[in-house]
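Heads up, the sequence shown is in numbering that gives the first Met the number 0, so the first residue is 0 and it goes up one at a time.
Ideal Cβ placement from N, Cα and C applies to all residues, glycine included.
Note that the structure is predicted; figures quoted are calculated from it, not measured.
Structure, as structure tokens:
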Amino acid sequence: MFKSGFVSIIGRPNVGKSTLLNNLLGQKIAIISDKAQTTRTKIHGVLTGDDYQIVFIDTPGIHKPKHKLGEAMVKAAKSSTLDVDVILFITDISQPVGRGDQFILEGLQKVKTPVILVANKIDQTVEKEAKERIIKLTELFPFKDVIAISALQGVNTGGLVKLILEFLQEGPKYYPDDMITDQPERVIVQELIREKILELTREEIPHGVAIEVVQMTTRGDNLLDISANIYVEKDSHKGIIIGKGGKLLKEIGKRARIDLERFFNSKVYLELWVKVKKNWRDLPGALREFGLDN
Ligand code: GDP
Ligand code: K
Ligand code: MG
């Protein structure tokens, strides 16, 4: 029997949702950082086995929105709990159970879909504390099952796949065997560049950054020319991204190029430009233009 279904990955920002998706797929399709609101849109990742296909939906973390982009992100996360077969509620078990977790679980009370508690980051948690926190969470919500994992180290992620399959029914193969994401290449390029900005800048800057790929063309056999605009919200941010003598922009380009070459398995020539678009996170037109209107 061939089983298939859709599985939504939800939880507070920074609990390891995107890390889990990448680990399950064995390839980086969702960017990761230690900053909240790294993931901005729903991302589909497809895991195909001999007798199953699971379509995972990675989502932006659920938080209290401060602008139109934030609203669209929370909407995307919430809508991903509809029409799925299983919901994975991921929590960072190295942290005490907090308001953020409670808030999401309250929102799930009316949902009929089975919810599995995934206690992540066991690699940095004392076992006794993890157990106590799991008990506390199961008192807050009727989870159908519980599993402890480390998404970063790949501990028990195979066990998680087996557990998910127990909840899936017979179904069709939705995507071809070799497809691991429905994200266009252009979006992956944008995201990999944005990830480097998240790595190299502090709080205020990364949240106000959007990337637009203006050109992607192949040159000869094994060279990809990519040119992209980095949009920031303020003139002062432009200076920060460029850095002294262009140093930071150069480093962003260098790190992004390494990842892009790995992803495309080709040499990449990357050109980056920094531009200012004031308050774009509150402009519906800009959200649409950047593919962030969810
Ligand atoms: P998301 O916001 O829920 O998608 O979280 P990310 O996947 O972006 O991860 C947030 C941070 O947690 C990153 O710094 C990850 O490296 C880290 N992280 C994720 N999973 C684990 C884990 O299992 N163990 C540890 N120690 N860190 C993790
Ligand atoms: K994050
Ligand atoms: Mg994420």
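Contact test: residue i Cβ vs the ligand K heavy atom, cutoff 7 Å
i: residue 12; result: yes
i: residue 74; result: no
i: residue 32; result: yes
i: residue 216; result: no
i: residue 35; result: yes
Burial state of residue i (16 or more Cβ within 10 Å)
i: residue 251; result: buried
i: residue 36; result: buried
i: residue 21; result: buried
i: residue 10; result: buried
i: residue 189; result: buried
i: residue 17; result: buried
i: residue 243; result: exposed
i: residue 279; result: buried
i: residue 177; result: exposed
i: residue 101; result: exposed
i: residue 40; result: buried
i: residue 52; result: buried
i: residue 268; result: exposed
i: residue 265; result: exposed
i: residue 289; result: buried
i: residue 72; result: buried
One or two residues paired with residue i in a DSSP bridge
i: residue 7; result: 56 and 86
i: residue 47; result: 52
i: residue 149; result: 154
i: residue 91; result: 119
i: residue 215; result: 225
i: residue 42; result: 57
i: residue 269; result: 225
i: residue 180; result: 44
i: residue 144; result: 115
i: residue 275; result: 231
Residue i - DSSP class collapsed to helix/strand/coil
i: residue 96; result: coil
i: residue 172; result: coil
i: residue 18; result: helix
i: residue 78; result: helix
i: residue 2; result: strand
i: residue 33; result: coil
i: residue 239; result: helix
i: residue 210; result: strand
i: residue 289; result: coil
i: residue 282; result: coil
i: residue 65; result: coil
i: residue 263; result: helix
i: residue 101; result: helix
i: residue 258; result: helix
i: residue 296; result: The chain is shown only over 0 to 293; residue 296 falls outside these bounds and no answer can be derived.
i: residue 205; result: helix
i: residue 137; result: helix
i: residue 110; result: coil
i: residue 125; result: coil
Contact with chain D by residue i, beta-carbon distance below 8 Å
i: residue 66; result: In the structure shown, chain D cannot be found, because there is only a single protein chain.
Residue i: CB within 7 Å of a non-hydrogen atom of the ligand GDP
i: residue 79; result: no
i: residue 129; result: no
i: residue 25; result: no
i: residue 122; result: yes
i: residue 152; result: yes
i: residue 18; result: yes
i: residue 15; result: yes
i: residue 3; result: no
i: residue 284; result: no
Residue i CB to nearest heavy atom of the ligand MG below 7 Å
i: residue 57; result: yes
i: residue 109; result: no
i: residue 40; result: no
i: residue 71; result: no
i: residue 29; result: yes
(request) Indicate whether the contact test is met: 3 or more Cβ pairs, each with one atom in the stretch 83 to 100 and one in the stretch 122 to 129, closer than 8 Å. (result) yes
(message) Would the stretch 133 to 140 count as touching the stretch 106 to 116 if we require 3 or more Cβ pairs under 8 Å?
(response) yes
(message) Whether or not the stretch 257 to 276 and the stretch 216 to 226 are in contact is what I'm after, with contact meaning three or more pairs of Cβ atoms, one per stretch, closer than 8 Å; do they touch?
(response) yes
(request) Please determine if the stretch 188 to 206 and the stretch 51 to 59 are in contact, where contact requires at least 3 C-beta pairs separated by less than 8 Å. (result) no
(request) May I ask you to verify whether the stretch 76 to 89 touches the stretch 160 to 167, counting CB pairs closer than 8 Å and requiring at least 3? (result) yes
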